[in-house]
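Have a look at the structure below, then the notes.
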Amino acid sequence: EAGVTQSPTHLIKTRGQQATLRCSPISGHTSVYWYQQALGLGLQFLLWYDEGEERNRGNFPPRFSGRQFPNYSSELNVNALELEDSALYLCASSLAGGYGYTFGSGTRLTVV
Amino acid sequence: KQEVTQIPAALSVPEGENLVLNCSFTDSAIYNLQWFRQDPGKGLTSLLLIQSSQREQTSGRLNASLDKSSGRSTLYIAASQPGDSATYLCAVRHTGNQFYFGTGTSLTVIP
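Below, the structure written as structure tokens:
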């Protein structure tokens, strides 16, 4: 069974540009979660999608947005990139109910 | 709002020692609690998942316990090895389906 896959592995962007990160959940998982982990900091919750709907979002500005497609894959978009957006972005998927998370390996975004 | 705390924030032990990592949470309305390991710059690897109705789970040298009524979980690592060096995170899944993470314990096992 394939795990959670994220692409690209690394992404380098210039300040002010837009970044698009992608996540494919484990087959059958309907929920996708996005987290930001800046260097030396803990996981910060970004977004939660389930069955194509945004269920919750963390304390991030609106320039962080995303969507979930009918096949449950998800995209995270970051507009007007700032230097402090440089971080490891992690995606996780889960079934609803009493199940755990499975994480992908992350996308390392560097803003220069 | 659920709050998850992990103590200690950092721990350094000699190889071979047994150790305990602690996780506490404020709201007992949870589906489960999950322990993860994170190596520097990498994603999270699930170690153990304990359902709310369970008291403990074991995998190899790892044993995790859950006391939902007191809002506590422990991760016990037996006979620690240098390869166990990593950050260990606990996460609780609230019955609202939201996950909440602790800030982690950074473990260093000295050869």
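For the protein sequence lines, the chains are A and B, in the order given.
At position 110 of the first sequence the residue is numbered 145 (the working numbering), and the sequence of numbers has no breaks.
At position 88 of the second sequence the residue is numbered 93 (the working numbering), and the sequence of numbers has no breaks.
Even glycine gets a Cβ: it sits at the ideal position worked out from N, Cα and C.
| query | result |
| --- | --- |
| Tell me A:V147's beta-bridge partners as DSSP assigns them. | According to DSSP, which records beta bridges pairwise, A:V147 is partnered with nothing at all. |
| Mind listing the chain A neighbours of B:K47? Cutoff is C-beta to C-beta under 8 angstroms, in chain order. | S140, G141 |
| Enumerate in chain order the residues of its own chain whose CB-to-CB distance from B:K73 is below 7 angstroms, with the five nearest sequence positions on each side excluded. | S33, I35, S57 |
| Does A:G77 get closer than 8 angstroms to chain B when you measure Cβ to Cβ? | yes |
| Return the bridge partner residues of A:P105 from the DSSP annotation. | Per DSSP, none; premise fails for A:P105. |
| Count the other CB atoms, across all protein chains shown, that sit within 10 Å of the CB of B:R66; report buried if there are 16 or more and exposed otherwise. | exposed |
| Do the stretch 63-78 of chain A and the stretch 93-110 of chain A meet, that is, are 3 or more Cβ pairs less than 8 angstroms apart? | yes |
| Measure the C-alpha to C-alpha separation of A:R92 and B:Q59 and round it to an integer number of angstroms. | 30 angstroms |
| Taking 8 angstroms as the cut-off, decide whether the C-beta atoms of B:W40 and B:A15 are in contact. | no |
| Any chance the stretch 122-129 of chain A sits against the stretch 63-83 of chain A, with 3 or more Cβ pairs inside 8 angstroms? | yes |
| List the residues of chain B that A:Y68 touches, going by C-beta distances under 8 angstroms, in chain order. | F104 |
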